[in-house]
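Q: My questions will all concern the structure given below.
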Amino acid sequence: LAKTTQPISMDSYEGQEVNITCSHNNIATNDYITWYQQFPSQGPRFIIQGYKTKVTNEVASLFIPADRKSSTLSLPRVSLSDTAVYYCLVGDIETGGFKTIFGAGTRLFVKA
Amino acid sequence: DVKVTQSSRYLVKRTGEKVFLECVQDMDHENMFWYRQDPGLGLRLIYFSYDVKMKEKGDIPEGYSVSREKKERFSLILESASTNQTSMYLCASSLPAQGEALHFGNGTRLTVT
């Protein structure tokens, strides 16, 4: 199963674009890359998912290079409410189930 | 919207007690999961289930067991609670297709004294 590595923490200011990069050197052919957001005292919440190239939704963009050994979550114009922990994870399919590995996450702190 | 409900928000138990953590989801998801979350360690998978009465061990199953008698309910059991099982426990569910998002509950903070 592919392990992920991401920065422990990042600081930003309101209105800035934030890019969080995740390394997953051992990603397998069938693996998807998924990002979750977690606020204190809540469970993680799905943000975005991709397999290759670029994916964009109303919340974020996900950039995945051709070799898929890393991915970058891009949050446009962050606000104070984007202060949270962001998890990058690589999904693996085994025996019909969906097994995921969460890393320690990146703690993003957005300042006014 | 998918709702994953964990029966207790906070729980305090004594060492050696048998502890049941309950999780219910309302979206007919086949997959259900139990994670624990500890500072600096992120989320670690304890067990998951891809169907009623089916279960698979995750990364840290020791000291835990699970039960899935009905599709919507997935229980985590601590047979004999120990202080190192003090943690935040998170339940999640998902559809079985590749890449389906996990939907989490808000967690149960368990303290074992």
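These protein sequence lines map, in sequence, to chains A and B. So the number in my numbering is just where the residue sits in the first sequence, counting from 1, plus 6. So the number in my numbering is just where the residue sits in the second sequence, counting from 1, plus 1309. Built from N, CA and C at the ideal position, the CB exists for glycine as well.
1. In three-state DSSP terms, what is L1350(B)?
2. At which residues does the beta strand (DSSP E) containing N25(A) begin and terminate?
3. I want to verify the contact list: residues of chain A whose CB lies under 7 angstroms from the CB of F1383(B), in sequence order.
4. Within 8 angstroms of any Cβ in chain B, is that where the Cβ of F115(A) sits?
5. Go ahead and label Q1334(B) buried or exposed: buried means 16 or more other beta carbons lie within 10 angstroms of its beta carbon, across all protein chains shown.
6. Determine the burial state of G1277(B): buried for a count of at least 16 other Cβ atoms within 10 Å of its Cβ, exposed for fewer.
7. Identify whether S76(A) lies in helix, strand or coil by the three-state DSSP scheme.
8. Whose CA, out of S76(A), P82(A), A34(A), Y92(A), lies closest to the CA of T59(A)?
9. Does the beta-carbon of Y1319(B) have 16 or more other beta-carbons within 10 angstroms, so that it is buried, or is it exposed?
10. Against chain B, with Cβ distances strictly below 8 angstroms, would P50(A) count as a contact?
11. Taking beta-carbon pairs under 8 angstroms, can you tell me which members of the region 51-66 of chain A lie near chain B?
12. Got a sec, what are the start and stop residues for the beta strand (DSSP E) S1389(B) sits in?
13. Which term fits P82(A), buried or exposed, when burial requires 16 or more other beta carbons within 10 angstroms of its beta carbon?
14. Name, please, each residue of chain B whose Cβ falls closer than 7 angstroms to the Cβ of G109(A).
15. By the 9 angstroms beta-carbon criterion, what residues does the region 1399-1414 of chain B contribute toward chain A?
16. Is there at least one Cβ from chain B nearer than 8 angstroms to T11(A)'s Cβ?
17. Alpha carbon to alpha carbon, what distance is there between L1399(B) and F108(A)?
18. Is there at least one Cβ from chain A nearer than 8 angstroms to G1372(B)'s Cβ?
19. Using the Cβ count rule (16 or more neighbours within 10 Å means buried), how would you classify R1345(B)?
A: The answer reads as follows:
1. As a first step, residue 1350(B) must be located in the second sequence, where it is residue number 41. L1350(B): coil per DSSP, three-state reduction.
2. Working through the first sequence from its first residue, we reach residue 25(A) at position 19. Note, N25(A): beta strand (DSSP E), 24-29.
3. Translated into positions along the second sequence, residue 1383(B) becomes position 74. The contacting residues do not exist; F1383(B) stays about 13 angstroms from chain A at best.
4. In the first sequence, the residue the question calls residue 115(A) occupies position 109. Answer no: the Cβ-Cβ gap between F115(A) and chain B never drops below 8 angstroms.
5. The residue given as residue 1334(B) occupies position 25 in the second sequence. A residue is called buried when at least 16 other Cβ atoms come within 10 angstroms of its Cβ; Q1334(B) meets this threshold and is buried.
6. Chain B is shown from 1310 up to 1422; residue 1277(B) falls before or after that span and cannot be answered.
7. The residue you call residue 76(A) lines up with position 70 of the first sequence. Looking at S76(A) - three-state DSSP - the assignment turns out to be strand.
8. As a first step, residue 59(A) must be located in the first sequence, where it is residue number 53. Residue S76(A) is the option with its Cα nearest to T59(A).
9. Along the second sequence, one-based indexing puts residue 1319(B) at 10. Y1319(B) is exposed by the Cβ-count criterion.
10. Residue numbering aside, residue 50(A) sits at position 44 when the first sequence is read from its first letter. Yes - at least one Cβ of chain B is within 8 angstroms of the one on P50(A).
11. Of all residues in the region 51-66 of chain A, only R51, F52, Q55, Y57 come within less than 8 angstroms of chain B when Cβ atoms are compared, listed by chain position.
12. Along the second sequence, read from residue 1 onward, the residue named residue 1389(B) stands at position 80. Unbroken run through S1389(B): none, as it is neither H nor E.
13. Start at 1 with the first residue of the first sequence, and residue 82(A) comes out as number 76. Exposed is the call here.
14. Residue numbering aside, residue 109(A) sits at position 103 when the first sequence is read from its first letter. Those within 7 angstroms of G109(A) in chain B are G1351.
15. L1399, C1400, A1401, S1403, L1404, P1405, A1406, Q1407, G1408, E1409, A1410, L1411, H1412, F1413, G1414
16. Taking the first sequence and counting its residues from 1, the one referred to as residue 11(A) is at position 5. Not closer than 8 angstroms to any Cβ of chain B, the Cβ of T11(A) fails to qualify, so no.
17. Counting from 1 along the first sequence, the entry for residue 108(A) is found at position 102. Counting from 1 along the second sequence, the entry for residue 1399(B) is found at position 90. About 13 angstroms.
18. If you number the second sequence from 1, residue 1372(B) lands on position 63. No, because no Cβ of chain A sits closer than 8 angstroms to the Cβ of G1372(B).
19. Against the second sequence, residue 1345(B) aligns to sequence position 36. It counts as buried.
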